[in-house]
Amino acid sequence: RCPTDTQPAANINIEPAWAKGYIGTGVQIAIVDDGVEITHPDLAAGYVAEDSYDFNYDDPDPSPTLSENFHGTSCAGLAVARTNS
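All letters in the sequence shown, in the order written, are residues 945 to 1029 by my numbering.
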């Protein structure tokens, strides 16, 4: 469950996986939502433009078009979380 305006934090219980050495190297994921802020500092380095698409507006840029479209960015941030970051 990703954070929202009514749910300020999420616990994805990732620390046990990190403790076992799983860090996601070589794994590519997809976030399907109403907008992902691709320039966000936590996301920009791993963003793959050629694999991205905005199904709502039929174009290759998945950036949010409305200021309230932050859910995809929140979910993406949880999905790419790193230790101490």
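Where a beta carbon is used, it is the ideal one built from N, C-alpha and C, also for glycine.
Exercise. Alpha helix (DSSP H) containing G979: first to last residue?
Worked result: Locating residue 979 in the sequence shown gives position 35, counting from the first residue. Unbroken run through G979: none, as it is neither H nor E.
Exercise. For T1017, is the classification buried or exposed, using 16 other Cβ atoms within 10 angstroms of its Cβ as the cut-off for buried?
Worked result: Working through the sequence shown from its first residue, we reach residue 1017 at position 73. Buried is the label assigned to T1017, since at least 16 other Cβ atoms lie within 10 Å of its Cβ.
For this session: Assuming P1006 contacts I982 (C-beta within less than 8 Å), just tell me the rounded distance between them.
Result: For this step, residue 1006 is matched to residue 62 along the sequence shown. For this step, residue 982 is matched to residue 38 along the sequence shown. Their Cβ separation, rounded to whole angstroms, is 6 Å, which keeps P1006 and I982 in contact under 8 Å.
For this session: Express the C-alpha separation of C1019 and R1026 in angstroms, rounding to a whole number.
Result: Mapped onto the sequence shown, residue 1026 falls at position 82. Mapped onto the sequence shown, residue 1019 falls at position 75. Rounded to whole angstroms, R1026 to C1019 spans 14 Å at the Cα level.
Exercise. Run through DSSP, which three-state label would D1005 get?
Worked result: Here residue 1005 refers to the residue found at position 61 when the sequence shown is read from its first residue. Coil at D1005, not helix or strand.
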